[in-house]
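Reminder that position 172 of the sequence shown reads as 415 in my numbering, one-by-one numbering, no gaps.
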Amino acid sequence: MTRIDVIRHGEPEGGRRYRGYGVDDPLTETGWRQMWDAVASRSGWTHIASSPLQRCRAFAEALGEKRGIEVSVHDDLKEIGFGAWEGKTPDEILAADPGALDHFYADPVHNRPEGAEPLDGFSQRVWRCYQQLLQQHAGGHVLIVGHAGVARAIAANVLGMSLDNVYSRLGIVYGGILSTQVAEGKPPKMVVE
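What follows is the structure, given as structure tokens:
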């Protein structure tokens, strides 16, 4: 049995805004506490894989050092690119287009921001990395330190749903953990604890 957990990074500096891979804010003190609290009662990880963005990578490296776990960094685990929305707050987006966010969450495939990464390409790159981690760490317990979008992409693929369907329906709090497991020869499944 191989297990892969995905933890969303904690609260980043700069408040609530759309940060994909174009904005690389560090964690706040609260964000660090959210992450440490989330993993406090968990153990057994044999490997940590991280997004290259500092809101994930800094914690992954700190956890790896504290627990003596090898850490690898994967470009395919970075957050989706939000194009013209990168770094903007919801209020800034709504000031320019009052219906933009409603339209996006109702149909993110056809209402993405200008220059944003297509959802299907994002989902494919995240899933490719997930499958590589499954192969490389078969029988192990991997922690992915990533983003809400990364967790949603993995959930969509495991559940056989489109990412646009999952995107607006699966909320993931800072420090939230999503778990999957794979028995040899079986498809991955979600695990709720």
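Where a beta carbon is used, it is the ideal one built from N, C-alpha and C, also for glycine.
What residue range is occupied by the uninterrupted beta strand (DSSP E) comprising residue i?
i, result
"THR245", "245 to 251"
"LYS432", "432 to 434"
"ILE291", "290 to 293"
"ILE397", "Unbroken run through ILE397 is the alpha helix (DSSP H), 391 to 402; no beta strand (DSSP E)."
"LEU421", "420 to 425"
Apply the 10 Å Cβ neighbour rule to residue i and answer buried if 16 or more other Cβ atoms are within range, or exposed otherwise.
i, result
"MET278", "buried"
"ARG259", "exposed"
"PRO351", "buried"
"GLY346", "Here residue 346 is His; the residue named in the question, Gly, does not match the sequence. Exposed."
"GLY342", "exposed"
"VAL416", "exposed"
"HIS317", "buried"
"HIS353", "exposed"
"LEU412", "This sequence places Arg at residue 412; Leu is not what is there. Its Cβ having fewer than 16 others within 10 Å, ARG412 is exposed."
"VAL388", "buried"
"GLU360", "buried"
"TYR348", "exposed"
"PRO333", "exposed"
"ARG310", "exposed"
"ASP363", "exposed"
Tell me which residues share the same chain as residue i and place their Cβ nearer than 7 Å to its Cβ, disregarding the 5 neighbours each side in the sequence.
i, result
"ALA281", "ILE250, GLY418 and ILE420"
"GLU357", "GLY326 and ALA327"
"GLY307", "ILE291, GLU313 and VAL314"
"SER405", "ALA399"
Under 6 Å Cβ to Cβ from residue i, same chain only, skipping five residues before and after it: list those, please.
i, result
"GLY392", "GLU322 and ILE323"
"HIS384", "ARG246, GLY287, TRP288 and THR289"
"PRO431", "VAL401, THR423 and VAL425"
"TYR410", "PRO351 and ARG395"
"GLY257", "ASP268"
"VAL434", "SER422 and GLN424"
"TYR373", "ILE397"
"LEU386", "ASP248, TRP288 and ILE291"
Whose C-beta lies closer than 8 Å to the C-beta of residue i among residues of the same chain, with five residues either side of it excluded?
i, result
"SER315", "HIS290, ILE291, ALA292 and SER293"
"GLU304", "SER293 and VAL314"
"TRP275", "GLY253 and PHE302"
"MET244", "GLY382, GLN424, VAL425, ALA426 and GLU427"
Let's see if you can read the secondary structure: which residues bound the alpha helix (DSSP H) around residue i?
i, result
"LYS273", "Here residue 273 is Thr; the residue named in the question, Lys, does not match the sequence. Run containing THR273: 272 to 282, per the alpha helix (DSSP H) assignment."
"GLY409", "Correcting the residue identity first, residue 409 is Val in this sequence and not Gly. Run containing VAL409: 406 to 410, per the alpha helix (DSSP H) assignment."
* Below 8 Å, can you find three or more Cβ-Cβ pairs linking the segment 388 to 403 to the segment 365 to 372? -> The segment 388 to 403, when compared against the segment 365 to 372, does touch it at the 8 Å Cβ threshold.
* **Sufficient close CB pairs (3 or more, under 8 Å) joining the segment 291 to 301 to the segment 317 to 326** => Verdict: yes, contact present.
* To do: Give, in chain order, every unbroken run of the alpha helix (DSSP H) that is at least 4 residues long and sits entirely within the segment 296 to 384.
  => You should have 297 to 310, 333 to 339, 343 to 349 and 362 to 379.
* Sufficient close CB pairs (3 or more, under 8 Å) joining the segment 262 to 276 to the segment 322 to 337 -> Verdict: yes, contact present.
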